[in-house]
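S.K.: Can you keep this structure in mind? I'll have questions shortly.
There are 2 protein chains.
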Amino acid sequence: MTTEIPDLPTEITPQSQDFGRWYIDVVRRAELADYSPVKGCMVIRPYGYAIWELIQQGLDRRFKATGHVNAYFPLLIPESLLTREAEHVEGFAPQVAWVTQGGNEKLEERLVIRPTSETIIGTMYAKWVQSWRDLPILINQWANVVRWEKVTRLFLRTTEFLWQEGHTAHETAEEAQEETLRMLAVYKDFAENELAMPVMDGQKSESEKFAGAERTYSIEALMRDGRALQAGTSHNLGQNFAKVFDIKFQARDKSVQHVWGTSWGVSTRMIGGVIMTHGDDGGLILPPKIAPYQVVMVPIMRGNWRETVLPKAKAIRDQLVARGIRVMLDDRDSQTPGWKFNEWEMRGVPLRLEIGPKDIEKSQVVLARRDTREKAFVPMEGLAAHAESLLNTIQQALFDRAVAYRTEHTTETDSYATFKEVMEGRPGFVVSPWCESATCEASIKTETQATIRNIPFASAPVAGKSCIKCGEPAKVHAWFAKSY
Amino acid sequence: MTTEIPDLPTEITPQSQDFGRWYIDVVRRAELADYSPVKGCMVIRPYGYAIWELIQQGLDRRFKATGHVNAYFPLLIPESLLTREAEHVEGFAPQVAWVTQGGNEKLEERLVIRPTSETIIGTMYAKWVQSWRDLPILINQWANVVRWEKVTRLFLRTTEFLWQEGHTAHETAEEAQEETLRMLAVYKDFAENELAMPVMDGQKSESEKFAGAERTYSIEALMRDGRALQAGTSHNLGQNFAKVFDIKFQARDKSVQHVWGTSWGVSTRMIGGVIMTHGDDGGLILPPKIAPYQVVMVPIMRGNWRETVLPKAKAIRDQLVARGIRVMLDDRDSQTPGWKFNEWEMRGVPLRLEIGPKDIEKSQVVLARRDTREKAFVPMEGLAAHAESLLNTIQQALFDRAVAYRTEHTTETDSYATFKEVMEGRPGFVVSPWCESATCEASIKTETQATIRNIPFASAPVAGKSCIKCGEPAKVHAWFAKSY
Numbered sequence: 067m068t069t070e071i072p073d074l075p076t077e078i079t080p081q082s083q084d085f086g087r088w089y090i091d092v093v094r095r096a097e098l099a100d101y102s103p104v105k106g107c108m109v110i111r112p113y114g115y116a117i118w119e120l121i122q123q124g125l126d127r128r129f130k131a132t133g134h135v136n137a138y139f140p141l142l143i144p145e146s147l148l149t150r151e152a153e154h155v156e157g158f159a160p161q162v163a164w165v166t167q168g169g170n171e172k173l174e175e176r177l178v179i180r181p182t183s184e185t186i187i188g189t190m191y192a193k194w195v196q197s198w199r200d201l202p203i204l205i206n207q208w209a210n211v212v213r214w215e216k217v218t219r220l221f222l223r224t225t226e227f228l229w230q231e232g233h234t235a236h237e238t239a240e241e242a243q244e245e246t247l248r249m250l251a252v253y254k255d256f257a258e259n260e261l262a263m264p265v266m267d268g269q270k271s272e273s274e275k276f277a278g279a280e281r282t283y284s285i286e287a288l289m290r291d292g293r294a295l296q297a298g299t300s301h302n303l304g305q306n307f308a309k310v311f312d313i314k315f316q317a318r319d320k321s322v323q324h325v326w327g328t329s330w331g332v333s334t335r336m337i338g339g340v341i342m343t344h345g346d347d348g349g350l351i352l353p354p355k356i357a358p359y360q361v362v363m364v365p366i367m368r369g370n371w372r373e374t375v376l377p378k379a380k381a382i383r384d385q386l387v388a389r390g391i392r393v394m395l396d397d398r399d400s401q402t403p404g405w406k407f408n409e410w411e412m413r414g415v416p417l418r419l420e421i422g423p424k425d426i427e428k429s430q431v432v433l434a435r436r437d438t439r440e441k442a443f444v445p446m447e448g449l450a451a452h453a454e455s456l457l458n459t460i461q462q463a464l465f466d467r468a469v470a471y472r473t474e475h476t477t478e479t480d481s482y483a484t485f486k487e488v489m490e491g492r493p494g495f496v497v498s499p500w501c502e503s504a505t506c507e508a509s510i511k512t513e514t515q516a517t518i519r520n521i522p523f524a525s526a527p528v529a530g531k532s533c534i535k536c537g538e539p540a541k542v543h544a545w546f547a548k549s550y
Numbered sequence: 067m068t069t070e071i072p073d074l075p076t077e078i079t080p081q082s083q084d085f086g087r088w089y090i091d092v093v094r095r096a097e098l099a100d101y102s103p104v105k106g107c108m109v110i111r112p113y114g115y116a117i118w119e120l121i122q123q124g125l126d127r128r129f130k131a132t133g134h135v136n137a138y139f140p141l142l143i144p145e146s147l148l149t150r151e152a153e154h155v156e157g158f159a160p161q162v163a164w165v166t167q168g169g170n171e172k173l174e175e176r177l178v179i180r181p182t183s184e185t186i187i188g189t190m191y192a193k194w195v196q197s198w199r200d201l202p203i204l205i206n207q208w209a210n211v212v213r214w215e216k217v218t219r220l221f222l223r224t225t226e227f228l229w230q231e232g233h234t235a236h237e238t239a240e241e242a243q244e245e246t247l248r249m250l251a252v253y254k255d256f257a258e259n260e261l262a263m264p265v266m267d268g269q270k271s272e273s274e275k276f277a278g279a280e281r282t283y284s285i286e287a288l289m290r291d292g293r294a295l296q297a298g299t300s301h302n303l304g305q306n307f308a309k310v311f312d313i314k315f316q317a318r319d320k321s322v323q324h325v326w327g328t329s330w331g332v333s334t335r336m337i338g339g340v341i342m343t344h345g346d347d348g349g350l351i352l353p354p355k356i357a358p359y360q361v362v363m364v365p366i367m368r369g370n371w372r373e374t375v376l377p378k379a380k381a382i383r384d385q386l387v388a389r390g391i392r393v394m395l396d397d398r399d400s401q402t403p404g405w406k407f408n409e410w411e412m413r414g415v416p417l418r419l420e421i422g423p424k425d426i427e428k429s430q431v432v433l434a435r436r437d438t439r440e441k442a443f444v445p446m447e448g449l450a451a452h453a454e455s456l457l458n459t460i461q462q463a464l465f466d467r468a469v470a471y472r473t474e475h476t477t478e479t480d481s482y483a484t485f486k487e488v489m490e491g492r493p494g495f496v497v498s499p500w501c502e503s504a505t506c507e508a509s510i511k512t513e514t515q516a517t518i519r520n521i522p523f524a525s526a527p528v529a530g531k532s533c534i535k536c537g538e539p540a541k542v543h544a545w546f547a548k549s550y
């Protein structure tokens, strides 16, 4: 018995009517992803996968620039490895898929499909590391992982997802901490400069940290329905896994020591973040840097346009491509220009270029921005440079708009009454003093559904303030939100 | 209970002593891959993965140039989907891994980890295709697959491996056949021009074709122990999967028809092919186009070399890098130059550049080829261009040498006595007339261990010849070999 896949939606539900419905409509109508016959697992369609390829390239370039290399570790992990680190197994065992049979044979030991790879990678590092000269190990893996989720949503939470997971081993605690923060900074840089998605970087509370980590850091973005999205995490693992998996090295002083570890990851979930940061009732709005097509060209089909307009359009396309711009020339004659305008708007192409017989007479084209819907006549002379510059403007405008949205939807308050009031509806972030007790954190979550997203590095001082929940002296300003 | 991982070998067994041992020694000593705690599953280490990344880039570029796009389909396939195509399930069911539990719940229906994705992709295509306007669908997927293998060998046959699988759907039988052969030609071009690995392209016999295909084509390479390696396959699926998964479209004439399908794949096995095509007793020899480092620079550590030699070495490195050459400057002072020479030879770096104080005086460097071990003094003036040209020479020389090896190890014979004689020892290919009966094919396999690798497109005519086994009239010249 397989899961039925509903037909593709024909219309996109307005955000104001049902944001969750809007999201799924956009994902499916724009052909980013689709449901599959396997419960909770998605198909990433070519248009969505092209975004993922651009995300991969942008991240991989940054990983390599910071000295990392890629490798690949097995999908399947023996149960005995997973269970070795106590907190880790407690965190992950309830949500793993179990392989119990291979071919026609029942397995002696069950295998899990990796939910994350600390255990299998730790086992290998124990083999590979002998001396301080073998350190640091700076390895990243691009892989699929499986976590058995009860409630799933395309891109945001799926049973299987694609991600990268970095796993590093260091000589000292200081180096591991530097690495943990370095990679968090890489994620922030990537999210803000490529995805145009502003993120708050900070440390997770004890109750929200990764199972087996000493400290977990995250970047948190704000979606247009006022909910937060954790877009990436970086963990300082201390010596926890090193001790459990016996990853030891001879130090410079000849003593034998355990390595210090980190791990960090982002996933296809980022695509969900992009959709919900920038999209509107017309559909998707893609930041130029990760748009599979940055410019869509729609020729106006009048008279013998194939002889007059199309050759000129192709010449312009070649100029744009030569400048490194990704272009789709939509010359299908089965569809009207109006239909194409709507279709490519829905698919979020940042810039539309219209060209017809009259434009050619005047040696101009029409450029229409997806984000503002502004249209302008632009001379053909210098067009490629103009388009490139406009794409940069759009990239920046999307970021600025998202920052403004976040600012408008961030409330600082010391009053729990205000806190609760804000958390109804479409809340955004609420910044409040907190005593660092897990009890207060849990009560707030029960009463308001809000969780601590993180404690930002740039948190304002709390001297003299009281915990928003219990009234005891506060230790930090925490950022709360309802989240995905 | 997990599999014990033996220590890394310190020496490489000579090929003449034990080719199989030589292979594993090279793979592990050069840190291409390693055993893992999971039976039959390998770890691809950074140096091996860097080769895979270059292979991916070279193939992906070709796939996109031929109009294909990438997508991603679920890892897990419900049992009911796998079993729908009768031949397919018969071929794959004995070698799949079964997921029977998710989290704490026993699954109602078992899932298999994909051994290949025709069934899950076919299900989605049935949803996506309505009209001839939706065709062709030209999708490729980069993914991991699992096949439960009893006997495994790093890269060549592992329980989990990485591959790409193309899956296309077409309006007509002719288009599907064209696509099948187009992608086989892409594989041949890639294998010969990037891996410097000559391959014979042709059609598989009925008994060797893919489970569920109408026709299977392959490229077959010859390893240096005289065994053949199937390096890639391309399948014309006819309408088999389309009928089973109900992939229908309204044709140009308004009739409703089933699509015509193809699928094609190559895997990390190709890396094994490269190793066994080019390597020698010194270790790996990598073709420049897929070498993670094309040039290794070893400074001669005399006197105050860090002040005199190293700055010059760095300047040369920058010149090489500026020309697009991948360079490793090995300036570790914990190792001697002699140790480094051996180490990088073993790791197969095509070109070594030595530079010492005397070279700098004479404004020259030493260049040493890995393939021929020739050393020459080369002036610094014009060095980058010289190195680039030499890398091209090495690429071509490796291919030529492999072609010569194959020619020497290909025997044409009409006599079964000769056939059997050749098949003892290190046979290579034997080309013989065959009647196309599966019975003869099976008898030959039983008696000699040789299988039909394929029937080459460029097969010589067989008019008047008799089947090497039964003496009945032959229909084709088949290429036989013992194989991996």
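Chains A and B, in that order, give the protein sequences. Mapping of the first sequence onto our numbering: position 62 corresponds to residue 128, and the numbering continues sequentially without gaps. Mapping of the second sequence onto our numbering: position 463 corresponds to residue 529, and the numbering continues sequentially without gaps. The beta carbon of each residue, even a glycine, is placed where N, CA and C say it ideally should be. Fair warning: this is a prediction, and the values are worked out from it, not measured in the lab.
When you compare only the Cα positions, how much space is there between Gly-292/B and Gly-345/B?
M.R.: Here the question's residue 292/B lines up with position 226 in the second sequence. Here the question's residue 345/B lines up with position 279 in the second sequence. If you take the alpha carbons of Gly-292/B and Gly-345/B, they lie about 14 Å apart.
S.K.: Mind checking if Gln-161/A is an interface residue toward chain B, Cβ cutoff 9 Å exclusive?
M.R.: Against the first sequence, residue 161/A aligns to sequence position 95. Chain B contact via Cβ: present.
S.K.: Determine the chain A residues that contact Phe-158/B at a beta-carbon separation under 8 Å, and present them in chain order.
M.R.: Taking the second sequence and counting its residues from 1, the one referred to as residue 158/B is at position 92. Neighbours of Phe-158/B on chain A: none; closest Cβ ~10 Å, over 8 Å.
S.K.: What would DSSP say about Asn-210/B, mapped onto helix, strand or coil?
M.R.: By one-based count along the second sequence, residue 210/B stands at place 144. Residue state, collapsed to three classes: strand.
S.K.: Give the C-beta separation of Ser-284/A and Gly-298/A to the nearest angstrom, bearing in mind that I take them to be a contact with Cβ-Cβ under 8 Å.
M.R.: The residue labelled residue 284/A in the question sits at position 218 within the first sequence. The residue labelled residue 298/A in the question sits at position 232 within the first sequence. So it is a contact: roughly 7 Å between Cβ atoms.
S.K.: Output the boundary residues of the alpha helix (DSSP H) element that contains Asn-306/A.
M.R.: Along the first sequence, read from residue 1 onward, the residue named residue 306/A stands at position 240. Element bounds for Asn-306/A: 306-311.
S.K.: May I ask which residues mark the beginning and end of the beta strand (DSSP E) holding Thr-582/B?
M.R.: Absent from the structure is residue 582/B, since the part of chain B shown begins at 67 and ends at 550.
S.K.: What does DSSP give as the partner residue(s) for Ala-434/B in the beta ladder?
M.R.: Position 368 of the second sequence holds residue 434/B. Answer is Arg-418/B and Lys-441/B.
S.K.: Measuring alpha carbon to alpha carbon, tell me which of Gly-537/A, Tyr-550/A, Asn-520/A and Cys-533/A ends up nearest Lys-275/A.
M.R.: The residue given as residue 275/A occupies position 209 in the first sequence. Of the candidates Gly-537/A, Tyr-550/A, Asn-520/A and Cys-533/A, the one whose C-alpha sits nearest the C-alpha of Lys-275/A is Asn-520/A.
S.K.: How far does the beta strand (DSSP E) with Arg-519/B in it reach, from first residue to last?
M.R.: Within the second sequence, the letter at position 453 stands for residue 519/B. Its beta strand (DSSP E) spans residues 517-522.
S.K.: Should Ser-455/A be flagged as near chain B, meaning a C-beta pair shorter than 9 Å?
M.R.: Taking the first sequence and counting its residues from 1, the one referred to as residue 455/A is at position 389. It does not: the Cβ of Ser-455/A has no partner Cβ on chain B nearer than 9 Å.
S.K.: Output yes or no for whether 9 Å exceeds the beta carbon distance between Phe-221/A and Gly-114/A.
M.R.: To locate residue 221/A, count along the first sequence from 1; it is residue 155. To locate residue 114/A, count along the first sequence from 1; it is residue 48. Cβ distance < 9 Å, so Phe-221/A and Gly-114/A count as in contact.
S.K.: Nearest to Phe-546/A by alpha carbon, out of Glu-70/A, Gln-269/A and Lys-130/A?
M.R.: The residue labelled residue 546/A in the question sits at position 480 within the first sequence. Minimum Cα distance to Phe-546/A is reached at Gln-269/A.
S.K.: At the 9 Å Cβ level, is Asp-100/A part of the contact set with chain B, yes or no?
M.R.: In the first sequence, residue 100/A corresponds to position 34, counting from 1. Judged by the 9 Å Cβ criterion, Asp-100/A is in contact with chain B.
S.K.: At a Cβ threshold of 9 Å, is Trp-273/A touching chain B?
M.R.: Position 207 of the first sequence, counted from the first residue, corresponds to residue 273/A. Correcting the residue identity first, residue 273/A is Ser in this sequence and not Trp. Judged by the 9 Å Cβ criterion, Ser-273/A is not in contact with chain B.
S.K.: Using 9 Å as the limit for Cβ to Cβ distance, is Met-67/B near chain A?
M.R.: Translated into the one-based positions of the second sequence, residue 67/B becomes position 1. Confidence in Met-67/B is poor, its pLDDT being 48 and thus under 50, which makes the residue's placement unreliable; the coordinate value appears in the next sentence. Judged by the 9 Å Cβ criterion, Met-67/B is in contact with chain A.
S.K.: Looking at the C-beta of Lys-378/B, does it have a partner C-beta in chain A at a distance below 9 Å?
M.R.: The sequence position of residue 378/B within the second sequence is 312, counting from 1. Interface with chain A (9 Å Cβ-Cβ cutoff): Lys-378/B is excluded.
S.K.: Identify each residue in the region 187-207 of chain A for which the Cβ-Cβ distance to at least one residue of chain B is less than 7 Å, and report them in chain order.
M.R.: Thr-189, Met-190, Lys-193, Arg-199 and Ile-205
S.K.: Mapping DSSP to helix, strand and coil, what is Cys-533/B?
M.R.: Residue 533/B sits at position 467 when you count from the first residue of the second sequence. Cys-533/B falls in the coil class under three-state DSSP.
S.K.: I want to verify the contact list: residues of chain B whose CB lies under 7 Å from the CB of Ile-110/A, in sequence order.
M.R.: Residue mapping note: residue 110/A aligns to position 44 of the first sequence, counting from 1. In chain order: Ala-137 and Tyr-138.
S.K.: Determine which residues of the region 384-415 of chain B have a Cβ less than 8 Å from any Cβ of chain A, and write them out in chain order.
M.R.: Ser-400
S.K.: Looking only at C-alpha atoms, which of Glu-70/B, Gly-369/B and Thr-225/B sits nearest to Ala-192/A?
M.R.: Start at 1 with the first residue of the first sequence, and residue 192/A comes out as number 126. Just measuring C-alpha positions, the residue of Glu-70/B, Gly-369/B and Thr-225/B sitting nearest Ala-192/A is Glu-70/B.
S.K.: Could you check if Asp-100/B is buried or exposed, using at least 16 other CB atoms within 10 Å of its CB as the buried criterion?
M.R.: On the second sequence, position 34 is the one that residue 100/B refers to. Flag for Asp-100/B reads buried.
S.K.: In angstroms, rounded to a whole number, what distance separates the CA positions of Glu-409/A and Arg-439/A?
M.R.: Numbered from 1 along the first sequence, position 343 holds the residue referred to as residue 409/A. Numbered from 1 along the first sequence, position 373 holds the residue referred to as residue 439/A. Using only the alpha carbons, I get a separation of about 14 Å.
S.K.: Around the Cβ of Asn-170/A, are there at least 16 other Cβ atoms within 10 angstroms (buried) or fewer (exposed)?
M.R.: Here residue 170/A corresponds to residue number 104 of the first sequence, with the count starting at 1. Exposed: under 16 other Cβ atoms inside 10 Å.
S.K.: In terms of residue numbering, what span does the alpha helix (DSSP H) encompassing Val-488/B cover?
M.R.: Numbered from its first residue, the second sequence carries residue 488/B at position 422. Element bounds for Val-488/B: 482-488.
S.K.: When DSSP labels each residue in this structure, what does Gln-462/A get in the three-state scheme?
M.R.: Taking the first residue of the first sequence as 1, we reach residue 462/A at position 396. Looking at Gln-462/A - three-state DSSP - the assignment turns out to be helix.
S.K.: DSSP has Ala-471/B in a bridge; who is on the other side?
M.R.: As a working mapping, residue 471/B is identified with position 405 in the second sequence. What sits at residue 471/B in the sequence shown is Tyr, not Ala. Answer is none; Tyr-471/B lacks a bridge partner.
S.K.: Give the secondary structure of Ile-205/A by DSSP, where H, G and I count as helix, E and B as strand, and everything else as coil.
M.R.: Working through the first sequence from its first residue, we reach residue 205/A at position 139. DSSP places Ile-205/A in strand when its eight states are reduced to three.
S.K.: Apart from the five residues just before and just after Pro-65/A, which ones in its own chain have a Cβ nearer than 7 Å to its Cβ?
M.R.: The shown model of chain A, from 67 to 550, leaves out residue 65/A, and the question about it has no answer.
S.K.: How is Thr-299/A classed by DSSP in three states: helix, strand or coil?
M.R.: One-based indexing of the first sequence puts residue 299/A at position 233. It is a strand residue.
S.K.: So with CB distances below 8 Å, who are the chain A contacts of Ala-116/B?
M.R.: Here residue 116/B refers to the residue found at position 50 when the second sequence is read from its first residue. Correct list: Val-135 and Asn-136.
S.K.: Please report the distance separating the alpha-carbon of Trp-500/B from that of Ser-329/A.
M.R.: In the second sequence, the residue the question calls residue 500/B occupies position 434. In the first sequence, the residue the question calls residue 329/A occupies position 263. In a straight line, the C-alpha of Trp-500/B is about 58 Å away from that of Ser-329/A.
S.K.: Chain B partners of Leu-120/A, CB-CB under 8 Å?
M.R.: Numbered from 1 along the first sequence, position 54 holds the residue referred to as residue 120/A. Chain B residues near Leu-120/A: none, gap ~12 Å exceeds 8 Å.
S.K.: May I ask you to verify whether the region 113-132 of chain B touches the region 360-380 of chain B, counting CB pairs closer than 8 Å and requiring at least 3?
M.R.: no
S.K.: Name the one or two DSSP bridge partners that Ser-197/A has.
M.R.: Along the first sequence, one-based indexing puts residue 197/A at 131. Answer is Gln-316/A, bridged to Ser-197/A.
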